[in-house]
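Report on the following structure.
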Amino acid sequence: NKSDILKYIADREQSTAANETQAPESTQSASSRMVDKVEPMNRMRKKIAEHMTQSVKTSPHVYTTVEADVTNLVEIRKRYKDSFKERSDENLTYTPMLLEACIHAIQEFPMMNSSLDGENIIHHKNINMGVAVALPDDNLIVPVIHCSEEKNFLGLARSTANLSSRARENKLNPDDVFGSTFTITNPGVFGGLFGMGIINQPNVGILAVGSFQKRPVVRETEYGDTIVVRHMVYLTLSYDHRIIDGAYGTKFLSRLVELIESYDE
3 NKSDILKYIA
13 DREQSTAANE
23 TQAPESTQSA
33 SSRMVDKVEP
43 MNRMRKKIAE
53 HMTQSVKTSP
63 HVYTTVEADV
73 TNLVEIRKRY
83 KDSFKERSDE
93 NLTYTPMLLE
103 ACIHAIQEFP
113 MMNSSLDGEN
123 IIHHKNINMG
133 VAVALPDDNL
143 IVPVIHCSEE
153 KNFLGLARST
163 ANLSSRAREN
173 KLNPDDVFGS
183 TFTITNPGVF
193 GGLFGMGIIN
203 QPNVGILAVG
213 SFQKRPVVRE
223 TEYGDTIVVR
233 HMVYLTLSYD
243 HRIIDGAYGT
253 KFLSRLVELI
263 ESYDE
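Numbering (my numbering), first residue to last: 3 to 267.
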């Protein structure tokens with residue numbers, strides 16, 4: 003009835019007034035508890051910030067993503083990891099497999115191994131692969147495998163393991179982080195589905211490798227389309243549009259996928 007409605011409105015107004023009166027005290031109490039922490043960047047963080055900012059300002063970045071079936075790589079590692087460890091005393095990882103495929107793709111698409119000096123394009127003779135390594139303090143460093151095209155699989159595996167270990171122990175020499183011509187980064191090891199890297203100057207390209215994921219995919223067979231479970235990965239190429247156009251970058255990635263998917267053959 004009417005009296006109940008009027009009583010409800012009166013009670014609501016009193017409750018609202020009480021809340022408004024208490025609000026400043028609550029806000030003041032909360033603000034006194036929240037004190038922001040100011041932390042100066044350390045030397046390495048400053049260098050990373052400067053390098054990344056310079057790269058974005060220097061290179062117009064273009065990004066292309068493709069998907070690759072890496073089931074064969076997973077099977078190769080599963081089949082040979084124990085014997086590889088016994089013979090070489092090195093852990094068998096996917097990194098040298100991806101490096102080997104990437105090196106072959108770069109040899110077929112040499113502009114990916116170039117750099118820009120003013121108005122001149124520098125075509126590098128050797129493929130010096132930079133491999134991004136996350137450090138224990140969450141900083142990032144890119145040691146370099148010089149003349150990587152001259153190394154066999156075991157050489158790539160040992161170089162990667164050695165550089166990564168020394169990077170995490172802060173034992174790299176200046177030459178170990180100088181002179182890369184192409185870079186690979188792997189956000190997939192931390193669970194990233196894919197990443198979009200910032201070019202490591204003066205390179206013109208960086209390849210970001212996502213996490214290996216099992217998922218259903220459609221495959222054509224002689225009996226028609228069928229759904230199978232495969233290990234898949236997203237590969238994202240960031241490249242410098244001043245030198246590399248979309249068609250060239252995409253062709254490079256497509257060839258890389260072919261090399262990865264036929265790696266066991």
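Note that the Cβ used here is the ideal one computed from N, Cα and C, for glycine as well.
Using DSSP with H/G/I as helix, E/B as strand and the rest coil, what is residue i?
i	result
Gln215	strand
Tyr250	helix
Leu165	helix
Ala51	helix
Thr238	strand
Ile143	strand
Glu222	strand
Ala210	strand
Ala122	Sequence inspection shows Asn at residue 122; the Ala mentioned does not correspond to that position. Asn122 falls in the strand class under three-state DSSP.
Gly199	coil
Thr183	coil
Gly132	strand
Val231	strand
His63	strand
Pull up the CB-CB distance for residue i and residue j, whole angstroms please, since I reckon it's below 8 Å.
i	j	result
Asn164	Thr185	Rounded, the Cβ-Cβ distance is 18 Å, inconsistent with contact.
Asp71	Met234	6 Å
Ser116	Ile124	6 Å
Ile50	Leu137	Not a contact, Cβ separation roughly 11 Å.
Thr67	Gly251	With 8 Å as the limit, Thr67 and Gly251 do not qualify as a contact, their Cβ atoms being about 11 Å apart.
Glu121	Arg257	That pair is no contact at about 29 Å.
Val58	Ile200	6 Å
Gly226	Met114	The pair is not a contact, with the Cβ atoms about 38 Å apart (cut-off 8 Å).
With a threshold of 7 Å on Cβ separation, who are the neighbours of residue i within its own chain once the five nearest residues in sequence on each side are excluded?
i	result
Phe155	Pro98, Glu102
Thr228	Arg221
Tyr236	Thr67, Glu69, Leu195, Phe196, Gly212
Gly193	Ser213
Val40	none
Which same chain residues end up closer than 6 Å to residue i when comparing Cβ atoms and leaving out the 5 residues on each side of it in sequence?
i	result
Asn188	Val211
Asp178	Pro145
Thr73	Arg232, His233
Buried or exposed: where does residue i fall if 16 or more other Cβ atoms within 10 Å of its Cβ makes it buried?
i	result
Lys308	As displayed, the chain neither begins before 3 nor continues past 267, which places residue 308 out of reach and without an answer.
Thr55	exposed
Ala249	exposed
Thr223	exposed
Met36	exposed
Tyr82	exposed
So, at 8 Å on beta carbons, what are the nonlocal neighbours of residue i in its own chain, with the 5 sequence-adjacent residues on each side left out?
i	result
His243	Ser61, Pro62, His63, Val64
Lys253	Phe111
Ile129	Ile105, Ile108, Gln109, Asn115, Cys149, Ser150, Glu151, Thr183, Phe184
Ser90	Leu156, Ala159, Arg160
Could you confirm whether any beta carbon from chain D is found closer than 9 Å to the beta carbon of residue i?
i	result
Asp177	Here chain D cannot be found, since the structure has a single protein chain.
- Message: Taking contact to mean 3 or more Cβ pairs, one atom from each stretch, closer than 8 Å, check whether the stretch 81 to 98 and the stretch 254 to 267 are in contact.
- Response: With a cut-off of 8 Å, the stretch 254 to 267 and the stretch 81 to 98 do not count as touching, because too few Cβ pairs lie within range.
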